[in-house]
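Visitor: Using our numbering, the letters of the sequence shown map in sequence onto residues 2 to 343. All C-beta atoms, glycine included, are put in the ideal place defined by N, C-alpha and C. Quantities reported herein were computed from a predicted structural model and do not represent experimental measurements.
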Amino acid sequence: MTTATITKSILSITNDGKLSLEHVISMLSTQHDEQTVLELVRKLCLQSNRNEIMKKGLEFLYMNGFYEDLQDLIHKNSESPMKSNNQWAAIYQLMLDRKLNLITPHEIIHHATILNSDEPEVLCLKEFVKIMAYYDMHEFGKLGNFLDLQMNLFDSINDSFLLSYFRIRMYEALFVYYWVKNELIMARKYAFRVINLTQNPNTKAAININLALTYTFDTYQQGMYHLKEGQKISNEHGLVYNIEIIENFNIPFLSAHHKKVEGISTYDISEKAHIEIAKGNHRKAESYLRDMSISSPFQMYYLGLATNDKNLLYQSYNYFIEKRSDHFFSKLPILALREMGA
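#1: Measure the Cβ-Cβ separation of Ala307 and Leu290 and say whether it is below 8 Å.
#2: Measure the Cβ-Cβ separation of Ala192 and Ile208 and say whether it is below 8 Å.
#3: If you compare alpha carbons, which of His258, Ser266, Gln300, Ser326 is closest to Leu336?
#4: Measuring alpha carbon to alpha carbon, tell me which of Met64, Asn243, Ala286, Ile110 ends up nearest Arg170.
#5: What's the gap between the Cα of Arg51 and the Cα of Ala90?
#6: Of the residues Ile196, Arg284, Leu59, Phe250, which one's Cα is nearest the Cα of Leu304?
#7: Mind checking which residues open and close the alpha helix (DSSP H) that includes Thr37?
#8: When you compare only the Cα positions, how much space is there between Phe167 and Ser288?
#9: What residue from Glu340, Ser294, Ile295 has the CA that sits closest to Asn309's CA?
#10: Does the Cβ of Ile278 have 16 or more other Cβ atoms within 10 Å, making it buried, or fewer, making it exposed?
#11: Spatial neighbours of Glu316 within its chain, please: C-beta separation below 7 Å, excluding the five flanking residues on both sides.
#12: Classify Ser331 as helix, strand or coil using the three-state DSSP reduction.
#13: Assign Pro298 to one of two classes, buried (16 or more other C-beta atoms within 10 Å of its C-beta) or exposed (fewer than that).
#14: Determine, using beta carbons only, whether Lys205 and Ile234 come nearer to each other than 8 Å.
#15: For Lys229 and Tyr318, I'd like the C-alpha separation in whole angstroms.
#16: Rounded to whole angstroms, what's the CA-CA distance from Pro121 to Tyr268? Just pull it up for me.
#17: Could you say which of Thr199, Lys261, Ala213, Ser256 lies nearest to Gln36 if we only look at CA atoms?
#18: Quick check on this structure: which residue in Lys261, Val181, Arg194, Ile109 has the alpha carbon closest to the alpha carbon of Phe321?
#19: I'd like to know whether the C-beta of Ser296 is nearer than 8 Å to at least one C-beta of chain B.
#20: For the alpha helix (DSSP H) that Tyr172 lies in, which residues bound it at each end?
#21: Look up Ser85 in the DSSP assignment and say whether it is helix, strand or coil.
#22: Cα separation between His238 and His227?
#23: Going by alpha carbons, who is nearest to Asn149 out of Asp160, Glu128, Leu163, Asp137?
#24: What did DSSP end up calling His259 once you bin it into helix, strand or coil?
#25: Taking 8 Å as the threshold (C-beta atoms), are Leu101 and Ile1 in contact?
#26: Which of the three DSSP states, helix, strand or coil, is assigned to Asp98?
#27: Measure the C-alpha to C-alpha separation of Val123 and Ser256 and round it to an integer number of angstroms.
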């Protein structure tokens, strides 16, 4: 039986209201491999005219990385006569626009805030959207309040299909929350949960990238292992953005921090300077940094290292703590200050 025939058969059953999306996935999983199930459910989400599946399909497509299909289903929900479907479409459009860098974090927060709904699922999704926006702005201090709220919102949702995906989203947020609090055992626990639960290669790669950075102050080998994992996944699935980040930012950063820079290169000026610092070429590093606008705590830290300037290192520390609530990377300037005897 072809996938088209199976999809047609499932459509007839689900459109009659006899099977939920969760039941369809469970049924298909007993008969087909993981990739075939994904493809069959993807087609079902796009072709079904049942309101429930049209809405839940948005979450399925988003969480499994089917972003082009997601845009099609967003349009379908937008054109529905049902207000609920329109609201779901609006919130997923924000998620997709963020993925494609078509909207600023401030705009995301504004649009999510003014979206009125009394559906617990939509309220939960609104908070996830806000969490993502604050993450993009490096305002990690806001995560704690949202996570507390999310836990309560979960209690109002009875749909196990949505909850299974919402938990993955929550674990991603908890990973970052504990990471910036420098509680690394907890952070890594949630990171591995996401890796084990998600089927989205983009998510697996992104988590491996960030997981690698949690080993900045531990072992170079463990950090590089996760970067290579992220690189492998990204190469297999053509995730060009991830490959660029790994090769030009993460590998140079981790290598320079551990002073293992032989054969390491990058187009990023900040990380070029970081590499020169690792080589002991402080004047060259300073010349790189003086030619750019210092706008991040990492750049302040690099310039402080290059010039042996304790004030810049203190500024870097304060930036990490006061503006980002980042107690993990704030250790960078602190360790440098200790080495200077400050």
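Guide: From the atom records:
#1: yes
#2: yes
#3: His258
#4: Met64
#5: 15 Å
#6: Considering only alpha carbons, the answer is Arg284.
#7: 35-48
#8: 47 Å
#9: Closest option to Asn309, Cα to Cα, is Glu340.
#10: buried
#11: First, the amino acid is wrong: residue 316 is Gln here, not Glu. Around Gln316: Met301.
#12: coil
#13: buried
#14: Yes, they are a contact pair.
#15: 29 Å
#16: 45 Å
#17: Closest in C-alpha terms to Gln36, from the list Thr199, Lys261, Ala213, Ser256, comes Thr199.
#18: Val181
#19: In the structure shown, chain B cannot be found, because there is only a single protein chain.
#20: Unbroken alpha helix (DSSP H) run through Tyr172: 161-181.
#21: Ser85: helix per DSSP, three-state reduction.
#22: 17 Å
#23: Strictly speaking, residue 149 in this sequence is Asp, with Asn absent from that position. That would be Glu128, whose Cα lies nearest to the Cα of Asp149.
#24: For His259, the three-state secondary structure derived from DSSP is coil.
#25: Only positions 2 to 343 of the chain appear in the structure, and residue 1 is not among them; the question remains open.
#26: helix
#27: In a straight line, the C-alpha of Val123 is about 43 Å away from that of Ser256.
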